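S.K.: In the working numbering, the protein residues as written are 44 to 377.
Cβ atoms here follow ideal geometry from the backbone N, Cα and C, with glycine treated the same way.
All values derive from a computational prediction rather than experimental measurement.
Please find one structure pasted underneath; my questions will follow.
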């Protein structure tokens with residue numbers, strides 16, 4: 044690429060990496076550092092999603108550094124890291140998609156089947172489901188570790204043109220794009236109908252709260268309903284961003300696999316597709332902050348407490364210094 048083209052790409056990749064890595068680290072710290080947030084099954088799943096997105100961003104860095112900064116497709120890391128990075132990229136990408144599927148099903152049970160939610164959506168079941176998902180994606184992505192190696196100077200797929208690999212990619216397309224798309228659209232459509240329809244359970248008699256003040260059941264149910272709607276909006280936004288970011292590259296694959304039409308896009312287009320994939324992993328923390336009131340409150344507490352700790356440390360440092368100076372002055376006077 045020319046310098047005129049590489050400079051905007053360099054800025055784009057650096058911004059996406061920095062924003063995504065910092066954002067996902069903040070999400071991990073905010074959830075993992077709060078015992079109350081860790082009690083929620085939804086927050087456990089969002090923590091898992093943040094870990095997958097963070098790792099995906101980190102392991103995609105070697106993919107764009109060489110073409111963007113050195114104007115070359117050469118693999119700059121040791122040869123052993125070629126299959127490792129390609130494998131881990133796919134593992135964390137598949138884990139992110141699987142987590143969004145689990146979140147989708149969890150929301151469906153919690154909202155559409157509330158009587159079964161306490162039994163089915165426990166923390167134990169959520170952790171087991173997440174563990175099974177990680178094992179599955181780790182096994183499914185293993186061909187990327189087997190069939191990638193450094194040939195000449197580039198990290199490439201040694202089985203890219205084989206019939207077996209094309210069938211594997213078709214299975215990947217169905218398992219991590221097409222079928223999740225159908226399931227998520229169907230499930231969230233049902234959830235949206237339940238949440239935005241009139242619910243007769245929202246009316247009821249007044250009850251007395253723990254503070255001794257009266258608060259109507261209707262008002263409390265309305266607040267809970269509003270919270271659930273915001274959560275569903277956030278999840279729909281996350282899924283929409285995912286499918287927007289990954290649809291172009293899937294269309295290229297589908298045209299070749301189903302229609303036997305081979306598309307040879309320019310290298311700038313390939314880099315743009317990589318940037319879109321990074322955008323998906325980098326944007327999820329921003330969506331959490333935009334739609335989740337509890338997460339915004341927790342984030343504010345984290346930042347505020349950090350500022351207080353830093354301020355207290357400075358005050359302590361100044362106090363110690365003043366004490367030392369006073370003691371030195373007294374000793375000098377004596």
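Using only the heavy atoms of the ligand NAD, determine whether one of them is closer than 8 Å to the beta carbon of residue 317.
M.R.: Because no ligand of any kind appears in the structure shown, any question about the ligand NAD cannot be addressed here.
S.K.: For residue 53, which residues of its own chain have a beta-carbon under 7 Å away from its beta-carbon, when the five flanking residues on both sides are left out?
M.R.: Residue 53 sits at position 10 when you count from the first residue of the chain shown. These residues qualify, in order along the chain: 111 and 112.
S.K.: Roughly how many whole angstroms lie between the Cα atoms of residue 60 and residue 329?
M.R.: Here residue 60 refers to the residue found at position 17 when the chain shown is read from its first residue. Here residue 329 refers to the residue found at position 286 when the chain shown is read from its first residue. Answer to the nearest angstrom: the Cα atoms are 14 Å apart.
S.K.: Note down the Cα distance separating residue 237 from residue 121, rounded to an integer number of angstroms.
M.R.: Stepping through the chain shown from its first residue, residue 237 is reached at position 194. Stepping through the chain shown from its first residue, residue 121 is reached at position 78. Approximately 53 Å between the Cα atoms of the pair.
S.K.: Which residue from 288, 71 and 58 puts its Cα closest to that of residue 313?
M.R.: As a first step, residue 313 must be located in the chain shown, where it is residue number 270. Checking every option, the nearest Cα to that of residue 313 belongs to 288.
S.K.: Since residue 188 and residue 126 are thought to touch, with beta carbons under 8 Å apart, how far apart are those beta carbons, to the nearest angstrom?
M.R.: By one-based count along the chain shown, residue 188 stands at place 145. By one-based count along the chain shown, residue 126 stands at place 83. Confirmed, Cβ separation roughly 5 Å.
S.K.: Give the DSSP-derived three-state secondary structure of residue 164 in the structure shown.
M.R.: Taking the chain shown and counting its residues from 1, one reaches residue 164 at position 121. Residue 164: coil per DSSP, three-state reduction.
S.K.: Could you spell out the range, first to last residue, of the beta strand (DSSP E) harbouring residue 199?
M.R.: Position 156 of the chain shown holds residue 199. Per DSSP, residue 199 belongs to the beta strand (DSSP E) from 197–200.
S.K.: Where does residue 192 fall in DSSP's three states?
M.R.: In the chain shown, residue 192 corresponds to position 149, counting from 1. In the structure shown, residue 192 sits in a strand (DSSP, three-state: E or B).
S.K.: Between residue 147 and residue 94, which are expected to be in contact by the criterion C-beta below 8 Å, what is the C-beta distance as a whole number of angstroms?
M.R.: The residue labelled residue 147 in the question sits at position 104 within the chain shown. The residue labelled residue 94 in the question sits at position 51 within the chain shown. Between residue 94 and residue 147 the Cβ distance is about 18 Å, and since that is not below 8 Å, they are no contact.
S.K.: Should residue 223 go down as buried or exposed, given a rule of 16 or more other Cβ atoms within 10 Å for buried?
M.R.: Taking the chain shown and counting its residues from 1, one reaches residue 223 at position 180. With 16 or more Cβ atoms within 10 Å of its Cβ, residue 223 is classed as buried.
S.K.: Is the CB-CB distance between residue 216 and residue 297 below 9 Å?
M.R.: Position 173 of the chain shown, counted from the start, is the residue given in the question as residue 216. Position 254 of the chain shown, counted from the start, is the residue given in the question as residue 297. In this structure, residue 297 lies closer than 9 Å to residue 216 by Cβ.
S.K.: Under 7 Å Cβ to Cβ from residue 180, same chain only, skipping five residues before and after it: list those, please.
M.R.: Here the question's residue 180 lines up with position 137 in the chain shown. Only 134, 137, 138 and 141 meet the Cβ criterion.
S.K.: Taking only the alpha-carbon atoms, compute the straight-line gap between residue 331 and residue 281 and give it to the nearest angstrom.
M.R.: Locating residue 331 in the chain shown gives position 288, where the first residue counts as 1. Locating residue 281 in the chain shown gives position 238, where the first residue counts as 1. Taking the straight line joining both Cα atoms gives about 9 Å.
S.K.: Report the three-state DSSP secondary structure of residue 328 (helix, strand or coil).
M.R.: Taking the first residue of the chain shown as 1, we reach residue 328 at position 285. In the structure shown, residue 328 sits in a helix (DSSP, three-state: H, G or I).
S.K.: DSSP three-state call for residue 156: helix, strand or coil?
M.R.: The count along the chain shown starts at 1 and reaches residue 156 at position 113. Residue 156: coil per DSSP, three-state reduction.
S.K.: Can you give the beta carbon distance from residue 118 to residue 182, rounded, assuming they're within the 8 Å contact cut?
M.R.: Within the chain shown, the letter at position 75 stands for residue 118. Within the chain shown, the letter at position 139 stands for residue 182. With 8 Å as the limit, residue 118 and residue 182 do not qualify as a contact, their Cβ atoms being about 26 Å apart.
S.K.: Do you know offhand how far residue 273's Cα is from residue 285's?
M.R.: Residue 273 sits at position 230 when you count from the first residue of the chain shown. Residue 285 sits at position 242 when you count from the first residue of the chain shown. The alpha-carbon atoms of residue 273 and residue 285 are separated by roughly 18 Å.
S.K.: I'd like to know whether the C-beta atoms of residue 276 and residue 155 end up nearer to each other than 9 Å.
M.R.: Along the chain shown, one-based indexing puts residue 276 at 233. Along the chain shown, one-based indexing puts residue 155 at 112. No, these two residues do not count as a Cβ contact at 9 Å.
S.K.: Using alpha carbons as the reference points, say which of 344, 341 and 326 lies closest to residue 62.
M.R.: The count along the chain shown starts at 1 and reaches residue 62 at position 19. Cα-wise, what sits closest to residue 62 is 326.
S.K.: Taking buried to mean at least 16 other C-beta atoms within 10 Å of its own C-beta, is residue 310 buried or exposed?
M.R.: Within the chain shown, residue 310 is the residue found at index 267, counting from 1. Answer is exposed; the Cβ neighbour count stays below 16.
S.K.: Between residue 278 and the rest of its own chain, which residues show a CB-CB distance below 8 Å, the 5 nearest in sequence each way excluded?
M.R.: The sequence position of residue 278 within the chain shown is 235, counting from 1. Cβ within range, chain order: 143, 146, 147, 150 and 231.
S.K.: Assuming residue 87 and residue 78 make a contact with CB atoms under 8 Å, what is their CB distance in whole Å?
M.R.: The count along the chain shown starts at 1 and reaches residue 87 at position 44. The count along the chain shown starts at 1 and reaches residue 78 at position 35. In fact, because the Cβ distance is near 12 Å, the residues do not count as touching under 8 Å.
S.K.: Could you tell me the distance, in whole angstroms, from the CA atom of residue 202 to the CA atom of residue 174?
M.R.: Taking the first residue of the chain shown as 1, we reach residue 202 at position 159. Taking the first residue of the chain shown as 1, we reach residue 174 at position 131. Rounded to the nearest angstrom, the two C-alpha atoms are 30 Å apart.
S.K.: Quick one, are the C-beta atoms of residue 166 and residue 84 less than 9 Å apart?
M.R.: Counted from its first residue, the chain shown places residue 166 at position 123. Counted from its first residue, the chain shown places residue 84 at position 41. Yes, Cβ-Cβ distance for residue 166 and residue 84 is below 9 Å.
S.K.: How many Å lie between residue 58 and residue 158 at the Cα?
M.R.: Reading the chain shown from its first residue, position 15 is the one you call residue 58. Reading the chain shown from its first residue, position 115 is the one you call residue 158. If you take the alpha carbons of residue 58 and residue 158, they lie about 45 Å apart.
S.K.: According to DSSP, is residue 56 helix, strand or coil?
M.R.: Within the chain shown, the letter at position 13 stands for residue 56. Of the three classes helix, strand and coil, the one that applies to residue 56 here is helix, per DSSP.
S.K.: Quick check: the Cα distance between residue 291 and residue 218, rounded to an integer number of angstroms?
M.R.: Position 248 of the chain shown holds residue 291. Position 175 of the chain shown holds residue 218. Looking at the two C-alpha atoms, the distance is approximately 17 Å.
S.K.: So for residue 369, helix, strand or coil by DSSP?
M.R.: Residue 369 sits at position 326 when you count from the first residue of the chain shown. For residue 369, the predicted model reports a pLDDT of 41, less than 50, meaning its position is unreliable; a value from the coordinates is still stated below. Helix, per DSSP.
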